[in-house]
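Our numbering numbers the first residue of the sequence shown as 3 and each following residue consecutively.
All residues carry an ideal CB built from backbone N, CA and C; glycine is no exception.
Owing to the predicted nature of the structure, the values given are computational and were not obtained by experimental measurement.
Here is the structure we will look at.
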Amino acid sequence: MHTLIEGCKRHDRESQRQLYNQYYGYCFSICLRYCRITEEAKEVTNDGFMKIFQKIDQYKPDTSFKAWIRRIMINASIDHYRKENKHYYQQAIEDASDRFIVSAIAVEELSHKELMAMVQCLTPAYRMVFNLYAIDGYTHEEIGVILGISEGTSKSNLSKARERLRNMLEKMNEETYAKSV
3 MHTLIEGCKR HDRESQRQLY NQYYGYCFSI CLRYCRITEE AKEVTNDGFM KIFQKIDQYK
63 PDTSFKAWIR RIMINASIDH YRKENKHYYQ QAIEDASDRF IVSAIAVEEL SHKELMAMVQ
123 CLTPAYRMVF NLYAIDGYTH EEIGVILGIS EGTSKSNLSK ARERLRNMLE KMNEETYAKS
183 V
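Here you go:
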């Protein structure tokens, strides 16, 4: 890996190609969580790789390379979100009350692919906050700074995202139950 990174630092095209091929799937899966459609995720992934190659000199060998590129891909996704939503003003959304809890069994039976498809159905604002908080482990304060929203808006967007996901799960459960009867 060290040789590959050193090659990328020298702008060696073959090293860059090998790095791209080795990490494309991993990076694409990160970007796909933040993007609604595959084509958009591909664009963000490629933008992220451009940043990796431009900033490869900033990588510190004593840290995890995979974690470093993960951070770049998340930032590329956030940058894309900001660019796409720069014309929209995000208003604070009322906190949703938790009316019901989806059974743990229903969630356990979901495949990763089904869950990711549900997350991609969320609005861009809800999807971004959900991914940053629930999957990537950011705090609401950090999300507020990253996205330029208040901490309260971040909490509210997460609550709304969870409510929408619960509704989707309930609908899926009802459809599954109706088919079994």
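What residue range is occupied by the uninterrupted alpha helix (DSSP H) comprising residue i?
i, result
"residue 27", "15-36"
"residue 7", "4-11"
"residue 65", "Neither: residue 65 is in no alpha helix (DSSP H) and is coded neither H nor E."
"residue 146", "142-149"
"residue 47", "40-57"
"residue 128", "126-132"
Using a 10 Å radius around the Cβ and a threshold of 16 neighbouring Cβ atoms, would you call residue i buried or exposed?
i, result
"residue 54", "buried"
"residue 173", "exposed"
"residue 106", "Low confidence applies to residue 106: its pLDDT is 42, below 50, so where it sits in the model is not reliable enough to give any reading."
"residue 19", "exposed"
"residue 155", "buried"
"residue 4", "exposed"
"residue 16", "exposed"
"residue 139", "exposed"
Would residue i and residue j qualify as a contact pair, given that the criterion is a beta-carbon distance under 8 Å?
i, j, result
"residue 50", "residue 29", "yes"
"residue 75", "residue 39", "no"
"residue 119", "residue 159", "no"
"residue 36", "residue 66", "no"
"residue 166", "residue 124", "yes"
"residue 142", "residue 157", "yes"
"residue 21", "residue 6", "yes"
Would you mind working out which of the options sits nearest residue i, comparing C-alpha positions?
i, options, result
"residue 130", "150, 3 and 70", "150"
"residue 24", "68, 147 and 73", "68"
"residue 52", "165, 83, 13 and 35", "13"
"residue 164", "146, 176, 122 and 147", "122"
"residue 11", "34, 147 and 62", "62"
"residue 144", "60, 77, 175 and 72", "77"
"residue 148", "115, 171 and 73", "73"
For chain D, find out if any of its Cβ atoms is closer than 8 Å to the Cβ of residue i; answer yes or no.
i, result
"residue 35", "Among the chains of the structure shown, chain D does not appear; only one protein chain is present."
At least three beta-carbon pairs within less than 8 Å, the segment 44-59 to the segment 134-148: Contact between the segment 44-59 and the segment 134-148 is absent, because fewer than three Cβ pairs lie under 8 Å.
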